[in-house]
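Residue numbering for the sequence shown is 815 to 1079, as defined by our numbering. Everything below concerns the one structure shown next.
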Amino acid sequence: MNIYRFEFKKYIKSNFIWTISIIIVLFFFMALFPTYSQEAEQMEKLISQFPETFAKAFGLSDMNMSTIMGYYGFAFSYILLIGAIFAMRLGLDIISKESRDKTSDFLLVKPLKRVDILSPKILAALTHILIMNILFFAFALIAVEAFKKAEYNFTDFTLLTLSFLFVQLFLFALGILIGTIVNKLKSVLPVTLGVVFGFYVLYLFNQTIDDEIYSYLSPFGFFERGYITEHSAYSIPHLITSIVITIIFIIASYVIYKKKDIPSV
């Protein structure tokens, strides 16, 4: 419990800054909707002049952005990218910082099993992710309600917004796994940005070719906003894939961490 409290307190400031930043970006996007909706016809004509591959890649071809949900879906894709970076960075940092700060020996000489060290770390990080998601859902709902001009499908909104959590959990678990594998990680940011943007490029690539097989290569493709708004549901195969891989990442992290040779100071 002491480890949990220590890790939770350590990331309070970071979580606060990231959450506030996401909320600010959200309201910046949504505040533009009234203006955009007034010029929707002209904007649609402009978008139609874009190359088809460009429009597909950035989600401009399959969403009616003159509606509040269509516009929110467009804004959400970029906000999700920020949340993904936060989750991946958190997973990497909470595991690798002992090796980086040369405090591994101090922690591991305590009369605790490896699992009793890793579990509270993961729980502390998951608490921060959950707090971020609760606040994001609440403020996203406020924003949509504030700027809507017509009624919208609340189920679609809920499913789309909750996908924020699923993608974060996937990348957080991957960050944990990488953190347990790599002994000395000097900086988590380059790895975080490389992995997240790599997945995002794969997602954009799949948008251009529209091949379902490639949609399984990126967590951003597991919860496609076009599918959600069309079916008012998640794609079950993609949802199961996301959950199973996330669990595998966590289990593998425990296995590796229990056997890992911790470098000496």
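Backbone N, C-alpha and C define an ideal beta-carbon position, used for all residues, glycine too. Just so we're clear, the structure is a prediction, and the values are computed from it rather than from any experiment.
With distances taken from CA atoms, which of the options is nearest residue i?
| i | options | result |
| --- | --- | --- |
| F830 | T941, L955, M879, L906 | T941 |
| I936 | I1057, F822, K1074, V1069 | F822 |
| V1005 | D907, L894, L949 | D907 |
| A889 | F1013, T1055, R1039 | R1039 |
| V1002 | I834, Y1014, S1067, G989 | G989 |
| S880 | S851, L985, I837 | S851 |
| L840 | L955, K1000, F1036 | L955 |
| Q1021 | G1035, I1062, I838 | G1035 |
| L894 | G993, T994, T833 | T833 |
| L974 | Y892, Y1014, G905, D1025 | Y892 |
| Y1068 | L1053, T969, P934, F1011 | P934 |
| I909 | A957, A987, L1053, T969 | A987 |
| G887 | T1055, F1037, S1049 | F1037 |
| E1026 | T849, P1051, T972 | P1051 |
| F820 | Y1017, V1009, A938, D930 | A938 |
| K1074 | I948, L1018, G993, G905 | G993 |
| F1013 | L985, D1024, K1000 | L985 |
| D930 | S1056, K827, Y818 | Y818 |
By Cβ distance, which residues of its chain are closer than 6 Å to residue i, with the 5 residues on each side in sequence left out?
| i | result |
| --- | --- |
| L983 | T1060 |
| Y825 | H942 |
| L932 | Y1071 |
| R903 | V1002, T1006 |
| A837 | Here residue 837 turns out to be Ile, not Ala, going by the sequence shown. So the qualifying residues of the chain are F953. |
| I945 | none |
| L991 | F1063, A1066, S1067 |
Please list, in chain order, all residues of the same chain as residue i whose beta carbon is under 8 Å from its beta carbon, the five residues on each side excluded.
| i | result |
| --- | --- |
| Y967 | Note on identity: in this sequence residue 967 is Asn, with Tyr being the wrong assignment. Answer for N967: M883, T1043, S1046, listed in chain order. |
| A845 | F961 |
| D970 | M883, I1042, T1043, S1046 |
CB-CB under 7 Å to residue i, same chain, minus the five flanking residues each way: which ones, in chain order?
| i | result |
| --- | --- |
| F920 | Confidence at F920 is low in this model, with a pLDDT of 48, below 50, so its placement is unreliable and the value that follows should be read with caution. Correct list: empty, nothing qualifies. |
| N816 | none |
| F776 | The requested residue 776 is not part of the displayed model; the chain covers only 815 to 1079. |
| F951 | T975 |
| I995 | I1070 |
| S977 | F1037 |
* Does the segment 956-967 touch the segment 1027-1038, meaning 3 or more C-beta pairs lie closer than 8 Å? -> No contact exists between the segment 1027-1038 and the segment 956-967.
* To do: Please confirm if the segment 971-983 is in contact with the segment 890-906, defined as three or more CB-CB distances below 8 Å between the two stretches.
  => The segment 971-983 is in contact with the segment 890-906.
* To do: Output the residue ranges of the alpha helix (DSSP H) runs that lie fully inside the segment 926-981 and measure 4 residues or longer, sorted by chain position.
  => Segments of the alpha helix (DSSP H) lying fully in the segment 926-981: 928-961.
* To do: Mind listing, in chain order, the continuous alpha helix (DSSP H) runs of no fewer than 4 residues lying wholly within the segment 1010-1054?
  => Runs of the alpha helix (DSSP H) inside the segment 1010-1054: 1039-1045.
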